[in-house]
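Below: one structure, written as structure tokens.
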Amino acid sequence: MNLTRIRNSLPQRKALLILALCAASMMISCSKKASKNNEKETTSIQVKGSDTMVNVAQAWAETYKSVAPDVEVEVSGGGSGVGLAALEKGTIDIADASRNIKPEEVEQTKKNTGKDPKEFICGFDALAVYVNAENPIDEITLPQLEQIFAEGGTTTTWAQLGVKVPGASNDEIVRVSRQSSSGTYEFFREHVLNKKDFKLGSRDMNGSKEVVELVGSTKTAIGYSGMGYANDKVKMLKIKTDKGVFAPTVENTVSKVYPLARSLQMYTLGDPQGAVKSYVDWILSPAGQKIVADNGYVPLSSTTAVN
Amino acid sequence: MPASSASASTKKPSRSKLAVIGEKALEALIRFCGISAIIFVLAIFFFVFREAVPVLFSGHFNLKEFLFSTKWYPTSMSNVRYGTLALTVGSFSVTALAMLIAVPFGLGAAVYISEFSGPRQKETLKIIIELLAAIPSVVWGFIGLTVISRLIIATTGTPVGVNILNGSIILALMSVPIIVSIGEDALKAVPDSYREAAIAMGATKWQLIMRVLFPAAKNGLLAAVLLGVGRAVGETMAVLMATGHAVQIPHGIFDSVRTLTANIAAELGEAAAGSDHYRVLFLTGILLFAITFAVNITADIVIRGVRKK
């Protein structure tokens, strides 16, 4: 059919217009029917927050699909700060955080949504200090870390720590850190820097994995991340305290001798109901905790056994 | 006066009422579309200013510190400081180096496509360069983070490969397609009579390009470069991944920096709506507006001055 001829003749143009309207209305009604069907069958749970926990959270979501096929769990990262900010606005169901919620965040959540955030500890993690595998250093103390990372700290070269990194052209310590939305960043600042600010000029990476990757490709780098992210290009330093020298392992986290052991928690708006409650209960059950252990973190049951 | 009997004999061509109303409606719609562009820009300005301005009157905010201090500590537990000088220098350095790389390549490619290539080669080259423009910026960031970073470490021996040089190479690759397309259009717009006159006077190809075409097309070429600069200054994802995201004033092209855009992208997600941190980030947005505005105004003045000559 020659469209120009249709365009030029009025009755055929009218027919074409009516046909187009019918097609459009059919498409709209079909999509409405499809979404209605979906709404009746699946509920979705929005989980957002800690980048340290994002791998575990995704593993939980995927395994939960076989436990409850009609529940869809959507996981995203962004950092503990981003998750808690979204919980404050009431746009998500569960916020993952590798740090504790701050009092002003609790207040803000109550103001915006009328509900108090409820905390569930779902695992433990050791915050490991990573250096390149070729770096000869093996252990470090918390005051030394403070001098390297904190504002006003005086340690800027490996020579000051008595270390010579083989094959490095430049002796300067390359500090690899996280962005300020990260719970790992806040935990490090509170427990290693004693609430002082970080020295400016550190490379602030987006996620736990990027920190380890940059340290792995830079001979003179030092960084911090969860112990579950180790690979063969990096090594985790032992921390020397006055009680001894401890490596970031599952046993040392469980017995709390490793000084940078931290809890991983989930926050919900008030007491969880319905599908969210079933999901949280499942995560805290042995099935969910097995996934925590499989991903390189410390499950709850081991610590309660010690206590 | 005699009645205008002439009007009785001439018949006006008749149009249906539907056609007349339809045409007026279409005209109104097109006018609305044109005005809506201005309305959208004003609305964006209004929204950003509304979110940012309250922090200027909040008491513990110092505008001078905001503009000239290098210390950016918005989430500090002890001493909150908002200083964007290091970020501004970061944006400026990455854009400047990117333009230093992109402009010779871009204008050179535009000249080659316009003056030296045959019609089939012209089409192929234009398609390939458009493909370069179609790559999403996050993919560019990823390329910078993995490929270019390794290249920089291997060829220069610096410890870290995510730095100004890395960010600039990526931004240059992103800006070149814009410079080439618009530059080539500008050169195409120069009438052939110019070229014929120059060749008739005995000019070589090089003299034709440098002495005749560039001066004739300079407005368009400057516009091309400025659009490239605009793209580079506003780029967020690629520089977030490729520059190392470190708040510091760089001492060389192998230092990591953080740009204003990457800073906003990384921190706005966690800033509670309405908090000081949130408002200061919007104020950073206004700072970016001001910088782009200044660049465009200087360009306008330069073009006008150049036109007078």
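As you go down the protein sequences, you meet chains A and B in turn.
If you want this note's numbering, it's the 1-based position in the first sequence plus 71.
If you want this note's numbering, it's the 1-based position in the second sequence plus 61.
In this text, a Cβ means the ideal position worked out from N, Cα and C, and glycines have one as well.
Give the single residue among the options whose Cα lies nearest to the Cα of residue i.
{"i": "A:A364", "options": "A:A128, A:Y201 and A:G224", "result": "A:A128"}
{"i": "A:S252", "options": "B:H338, B:R365 and B:I105", "result": "B:H338"}
{"i": "A:T114", "options": "A:K270, A:G345, A:D268 and A:C93", "result": "A:G345"}
{"i": "B:D253", "options": "B:I270, B:A326 and B:F118", "result": "B:I270"}
{"i": "A:G367", "options": "A:A301, A:L355 and A:W353", "result": "A:A301"}
{"i": "A:L340", "options": "A:K160, A:E257 and A:G254", "result": "A:K160"}
{"i": "A:F258", "options": "A:S151, A:N323 and A:V146", "result": "A:S151"}
{"i": "A:E284", "options": "B:P135, B:A80, B:A170 and B:V223", "result": "B:V223"}
{"i": "B:T359", "options": "B:L283, B:S210 and B:I190", "result": "B:L283"}
{"i": "B:F315", "options": "B:I188, B:G95, B:L158 and B:F166", "result": "B:L158"}
{"i": "A:A358", "options": "A:V347, A:D268 and A:P370", "result": "A:P370"}
{"i": "A:M337", "options": "A:S288, A:S326 and A:L155", "result": "A:L155"}
{"i": "B:I214", "options": "A:L331, A:A239 and A:E210", "result": "A:A239"}
{"i": "B:A332", "options": "A:E176, A:V144, A:M97 and A:L92", "result": "A:E176"}
{"i": "B:S130", "options": "B:M138, B:H121 and B:R142", "result": "B:R142"}
{"i": "A:G299", "options": "A:A157, A:Y201 and A:K327", "result": "A:Y201"}
{"i": "B:R365", "options": "B:T345, B:A334 and B:K279", "result": "B:K279"}
{"i": "A:Q360", "options": "A:A94, A:T134 and A:L81", "result": "A:T134"}
{"i": "A:K235", "options": "A:A95, A:P207 and A:G224", "result": "A:P207"}
{"i": "B:T265", "options": "B:F177, B:L212, B:R111 and B:P165", "result": "B:F177"}
From residue i to residue j, what does the alpha carbon distance come to, in whole angstroms?
{"i": "B:L274", "j": "B:I174", "result": "14 angstroms"}
{"i": "B:M262", "j": "B:Q268", "result": "11 angstroms"}
{"i": "A:R260", "j": "A:E222", "result": "11 angstroms"}
{"i": "A:K266", "j": "A:P188", "result": "25 angstroms"}
{"i": "B:A326", "j": "B:T297", "result": "7 angstroms"}
{"i": "A:G272", "j": "A:S248", "result": "10 angstroms"}
{"i": "A:K270", "j": "B:F118", "result": "29 angstroms"}
{"i": "B:G281", "j": "B:A195", "result": "23 angstroms"}
{"i": "A:A204", "j": "B:L342", "result": "38 angstroms"}
{"i": "A:I116", "j": "B:P197", "result": "30 angstroms"}
{"i": "B:E84", "j": "A:D275", "result": "58 angstroms"}
{"i": "B:L234", "j": "B:A258", "result": "36 angstroms"}
{"i": "A:K181", "j": "A:A157", "result": "13 angstroms"}
{"i": "A:D313", "j": "A:V325", "result": "19 angstroms"}
{"i": "B:A277", "j": "B:L186", "result": "24 angstroms"}
{"i": "A:V321", "j": "A:I362", "result": "15 angstroms"}
Got a sec? Which residues, its chain only, sit under 7 angstroms from residue i by beta carbon, not counting five neighbours each side?
{"i": "B:K183", "result": "I174"}
{"i": "A:V146", "result": "V118, V125, A128, Q129 and A132"}
{"i": "A:D209", "result": "L308 and K309"}
{"i": "B:A307", "result": "S317, V318 and R319"}
{"i": "A:I219", "result": "T226, I244, R246 and I293"}
{"i": "A:D342", "result": "K189"}
{"i": "A:A91", "result": "none"}
{"i": "A:P237", "result": "E205"}
Determine whether the beta carbon atoms of residue i and residue j lie at a separation below 7 angstroms.
{"i": "A:V20", "j": "A:S296", "result": "Nothing can be reported for residue 20 of chain A: it is not among the residues displayed for chain A, which extend from 72 to 378."}
{"i": "B:V148", "j": "B:N324", "result": "Inspection of the sequence shows that residue 148 of chain B is occupied by Leu rather than by Val. Their beta carbons are under 7 angstroms apart, which means B:L148 touches B:N324 by this criterion."}
{"i": "A:S121", "j": "A:D167", "result": "yes"}
{"i": "B:A163", "j": "B:V237", "result": "yes"}
{"i": "A:T228", "j": "A:E217", "result": "no"}
{"i": "A:T255", "j": "A:S169", "result": "yes"}
{"i": "A:P319", "j": "A:A197", "result": "yes"}
{"i": "B:G330", "j": "A:G148", "result": "no"}
{"i": "A:G278", "j": "A:K304", "result": "no"}
{"i": "B:W133", "j": "B:G151", "result": "no"}
{"i": "B:L288", "j": "B:I209", "result": "no"}
{"i": "A:I89", "j": "A:C193", "result": "no"}
{"i": "A:T212", "j": "A:K327", "result": "no"}
{"i": "B:G346", "j": "B:V109", "result": "yes"}
{"i": "B:G102", "j": "A:T289", "result": "According to the sequence displayed, residue 102 of chain B carries Val and not Gly. Not in contact: B:V102 and A:T289 (Cβ atoms no closer than 7 angstroms)."}
{"i": "A:F195", "j": "A:S334", "result": "yes"}
Within its chain, find whatever has a CB closer than 8 angstroms to the CB of residue i; leave out the 5 residues flanking it on each side and keep chain order.
{"i": "B:V155", "result": "I225, G228, S229, L232, A293, V300, T304, V318 and T320"}
{"i": "B:M302", "result": "V199, G202, F203, G205, L206 and V223"}
{"i": "B:P115", "result": "R340"}
Against chain E, does residue i count as a neighbour if the rule is that its beta carbon must be under 7 angstroms from one of theirs?
{"i": "A:Q215", "result": "Here chain E cannot be found, since the structure's protein chains are A and B."}
Report all residues from its chain with a CB closer than 6 angstroms to the CB of residue i; omit the five preceding and five following residues, and keep chain order.
{"i": "B:L192", "result": "none"}
{"i": "B:V241", "result": "G167, A170, A171 and I190"}
{"i": "A:H262", "result": "none"}
{"i": "A:N323", "result": "F317 and Y329"}
{"i": "B:I362", "result": "none"}
Should residue i be counted as a contact of the ligand MN given a C-beta to heavy atom distance under 6 angstroms?
{"i": "B:K249", "result": "Ligands are entirely absent from the displayed structure, and the ligand MN is therefore not among its contents."}
Enumerate, from N- to C-terminal direction, the unbroken alpha helix (DSSP H) stretches of 4 or more residues contained entirely within the segment 261 to 306 of chain B.
Listed in chain order, the complete alpha helix (DSSP H) runs (minimum 4 residues) inside the segment 261 to 306 of chain B are 279 to 295 and 298 to 303.
Only counting runs of 3 or more residues, tell me where the beta strand (DSSP E) segments fall wholly within the segment 267 to 336 of chain A, in order along the chain.
Fully enclosed beta strand (DSSP E) runs of 3 or longer: 274 to 276, 292 to 297, 305 to 307, 309 to 312 and 315 to 317.
Ignoring anything shorter than 3 residues or poking outside the segment 206 to 234 of chain B, list the beta strand (DSSP E) runs there in chain order.
Counting whole runs of 3 or more residues, the segment 206 to 234 of chain B contains no beta strand (DSSP E) stretch at all.
For the segment 85 to 171 of chain A, list the beta strand (DSSP E) runs that are entirely contained and at least 3 residues long, ordered along the chain.
Every beta strand (DSSP E) stretch that sits fully inside the segment 85 to 171 of chain A and reaches 3 residues is listed by chain position as 114 to 120, 142 to 149 and 165 to 168.
Sequence ranges, alpha helix (DSSP H) only - wholly within the segment 75 to 136 of chain B, length at least 4:
Counting only runs of 4+ residues, the alpha helix (DSSP H) found wholly inside the segment 75 to 136 of chain B occupies 78 to 113 and 124 to 129, in chain order.
Any chance you could list the alpha helix (DSSP H) runs of at least 4 consecutive residues sitting entirely within the segment 139 to 183 of chain B, in chain order?
Every alpha helix (DSSP H) stretch that sits fully inside the segment 139 to 183 of chain B and reaches 4 residues is listed by chain position as 146 to 172.
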